[in-house]
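Going line by line, the protein sequences match chains Z and C.
Residue 17 in my numbering sits at position 17 of the first sequence, with consecutive numbering throughout.
Residue 1006 in my numbering sits at position 6 of the second sequence, with consecutive numbering throughout.
C-beta atoms are modelled at their ideal positions from N, C-alpha and C, and glycine is treated no differently.
Each remark here refers to the structure printed beneath this line.
2 protein chains.
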Amino acid sequence: MTHVIAADIGGTNIRLAVVDPQGQIIAESRLQGELSRHAETSQAAAEIHVIKTLAGAIKPFASQYDIHELGMGFPGFFHGRSGLLASSPNLPLLQNFALADRLSDTLDMRVSVENDALCAAIGEQKYGAGQGHANLLHITLGTGIGSGLILNNIPYSGEHGMAMEFGHLCIEHHEGRLCGCGNYGCVEAYASATALINRFTEICQCEIADAKSIFEQARQGHTCAAKITNEAGMYLGMAIAEAVKLLDVTTITVSGGLSGGWDILHPALKHELDDNLIPPLKGKVDVLRSRLDDNAGLLGAATIARDI
Amino acid sequence: MTHVIAADIGGTNIRLAVVDPQGQIIAESRLQGELSRHAETSQAAAEIHVIKTLAGAIKPFASQYDIHELGMGFPGFFHGRSGLLASSPNLPLLQNFALADRLSDTLDMRVSVENDALCAAIGEQKYGAGQGHANLLHITLGTGIGSGLILNNIPYSGEHGMAMEFGHLCIEHHEGRLCGCGNYGCVEAYASATALINRFTEICQCEIADAKSIFEQARQGHTCAAKITNEAGMYLGMAIAEAVKLLDVTTITVSGGLSGGWDILHPALKHELDDNLIPPLKGKVDVLRSRLDDNAGLLGAATIARDI
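Set out below in structure tokens:
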């Protein structure tokens, strides 16, 4: 086993790392690269834009370390483990795009690609708080809410690569908030960074820079910030209960920027979760904070680069 | 492949059948046998009661046909495919009870046991509307709501045999109805036979014999019956949407007594389902009525009898 390149493709930047066989990040690079901001109007042009942006970032990094294996987490739905992108909400022009193959040809590297949230689950199970658990539900609380599922040590992606749209579980059926997906009452509309900032602005009628500051305000006794962050935890607990009722998976890990508010989120989440579970599972579900900070996705990408 | 005995153990009766290798029911028997009504106070006594009741029903039937393989669907949570009953909500005294082994010793037959709702899913996939679908979510609408999941042709039972507690998905977070599980707002509190009868009695302030009569009243233009049955369909659609968001399974089959109200349930269900799905799955999910009437469970039991 050798070193591999791991890539985690986000909404506004591209993170790259050299990862050794023990899961240590040896070198890292973070680049601006907004894939969705482009003027192309055809699928062919959009494909070229995506490949150019990704290859432009990855090629110099990989060459510098002379590494020829790449694993990548990408925000989109994939057909199985083929690296064939079925679709991507942020890149609507791309349909059935052979992302891994095209990137492999361009970079002359072996390339494995998986959904970004599923990559984070794979990383957390391999190197983080999910170690030793054959079944794991991993939730990434960031700008949005992502989620990935491991069943019996196998990443689960569903029939269309669209499994674990946890962020769009409905936890408010009446007068729920509008979510980015077009539906109302999704947990993402209450417990993502975007949702916290929007709710703070609306309900507390103050401007705030980021979600981290809302947690800080809550800790300092700001009543409105405390209410919003507590509610985010409660809604997360309700949504996790729904997932557990279907999946009977009892280890849940949480990563992403908002996990910095664990001291506030976890007690609210845990209380609501136990309240909503079926009786024989009450008290049996562990919700653990990630041990990998925001590196779960990168380490999952490194894992799939090796697993081919 | 030979003929096998299939047993479907319900709340108030035991159904037995001889099933041929093509899934045809050759002979059938239905017996009264309420397992949960007994005066025992210890686990040992409860175990003896259950084995006596089951063996007393099955032995003469199996002897009559000289068959030595038994598959059984039983209402409880099992450890994997071992036939070891972890627990059963209706039989709280039983914990970690080697049901299959004990029954096998008593009957001198090869015995396979699985959760009853999962058996129905297995039967529907093997012989019914789920044929040819590697992934299937099957819902049984009866006195309560049961559900079983097949993923990649493998029955999925979760870490504790408690997966697919679909009936306890919460679809009313505010002022939801009390469910038998102790929580509020579960879909079972709106869309099971028990729920329909209770709601009809309460809301329409009329007595009614059974759920079937409520559907008949609805068809004849009874406004209140129409409202309740339509709402049952809507709530089912909402709950199915939640399951699909997590599982990305796009074939759902529905059996059980309430599927007799398909003409009313399905349009309401379908509308609400499509409304609540994430955009790329809207219109892509098929909800099909069982082709096996109330025999899905029996045919699933026959299938597991052969699969060992």
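Residues of chain Z whose Cβ lies closer than 8 Å to the Cβ of Leu1281/C are, in chain order, His160 and Met162.
Collapsing the DSSP output to three states places His138/Z in a strand. Comparing alpha carbon positions, the residue from Leu1281/C, Leu1016/C and Phe1077/C closest to Met162/Z is Leu1281/C. Contact annotation, Asp1116/C with Phe1078/C: C-beta distance approximately 10 Å; criterion of less than 8 Å not satisfied.
Contacts between Phe166/Z and chain C, judged by CB atoms closer than 8 Å, involve Lys1245 and Leu1246 in chain order. DSSP lists Ala1007/C and Val1113/C as the beta-bridge partner residues of Met1072/C.
Excluding five sequence positions before and after Ala1191/C, the CB atoms of its chain that fall closer than 6 Å to its own CB belong to Ala1232, Tyr1235 and Leu1236, given in chain order.
Beta-bridge pairing by DSSP links Val1287/C to Ile1252/C.
Taking a beta-carbon distance threshold of 8 Å, Thr1140/C does not count as an interface residue toward chain Z.
When CB distances to chain C are screened at a threshold of 8 Å, the residues of the region 167-195 of chain Z falling below it are His168, Leu169, Cys170, Ile171, Glu172, His173, His174, Cys181, Gly182 and Asn183, in chain order. Across the set Thr1002/C, Pro1155/C, Ile1214/C and His1222/C, the C-alpha of Pro1155/C shows the shortest separation from the C-alpha of Gly1300/C. Per DSSP, the beta-bridge partners of Arg30/Z are Arg15/Z. Of all residues in the region 119-135 of chain Z, those with a C-beta nearer than 8 Å to a C-beta of chain C are Asn135, reading in chain order. Membership of Ser63/Z in the alpha helix (DSSP H) is indicated by the continuous run Gln43 to Tyr65. Taking 4 residues as the minimum length, the alpha helix (DSSP H) runs contained wholly in the region 218-285 of chain Z are 223-247 and 262-276, in order along the chain. With contacts defined by Cβ atoms closer than 8 Å, Gly1167/C and Ile1197/C do not form a contacting pair. Beta-carbon to beta-carbon, Gly158/Z and Cys170/Z are separated by about 18 Å, too far to satisfy the 8 Å threshold. In the structure shown, Gly146/Z falls within a strand segment according to DSSP collapsed to helix, strand and coil. Interface residue (Cβ-Cβ distance to chain Z less than 8 Å): Ser1082/C is not classified as such. For Ser1087/C, the beta-bridge partners assigned by DSSP are Phe1077/C and Gln1095/C.
With a cutoff of 8 Å on beta-carbon distance, Ile5/Z and Leu70/Z are scored as near each other.
Cβ proximity to chain C below 8 Å picks out Met238, Ala241, Glu242, Ala243, Lys245, Leu246, Leu247, Asp248 and Val249 from the region 216-249 of chain Z. Chain C has a Cβ within less than 8 Å of the Cβ of Asn276/Z.
Excluding its 5 nearest sequence neighbours in each direction, His3/Z has C-beta neighbours in its own chain below 6 Å: Val18, Asp20 and Ile67, listed in chain order. The region 1049-1057 of chain C makes no contact with the region 291-299 of chain Z, as fewer than three CB pairs between them are under 8 Å. Between the alpha carbons of Glu1040/C and Ser1147/C lies a distance of about 30 Å. Scanning chain C for C-beta atoms nearer than 7 Å to the C-beta of Ser87/Z yields Pro1280, reported in chain order. With contacts defined as CB atoms closer than 8 Å, His174/Z and His1222/C fail to qualify as a contacting pair. Note that the region 1237-1251 of chain C touches the region 1129-1141 of chain C; at least 3 beta-carbon pairs, one per stretch, sit closer than 8 Å. Around Leu1288/C, the same chain offers Ala1129 and Thr1253 as residues with beta carbons nearer than 6 Å, after the five sequence neighbours per side are excluded. In the structure shown, the three-state DSSP call for Ile208/Z is coil. Following the DSSP letters along the chain, one finds Ile1304/C inside the alpha helix (DSSP H) bounded by residues Ala1296 to Asp1307.
By the Cβ neighbour-count rule, Asn153/Z is exposed, with fewer than 16 other Cβ atoms within 10 Å of its own. Nearest to Glu1216/C by alpha-carbon distance, out of Phe1061/C, Cys1119/C and Leu1265/C, is Leu1265/C.
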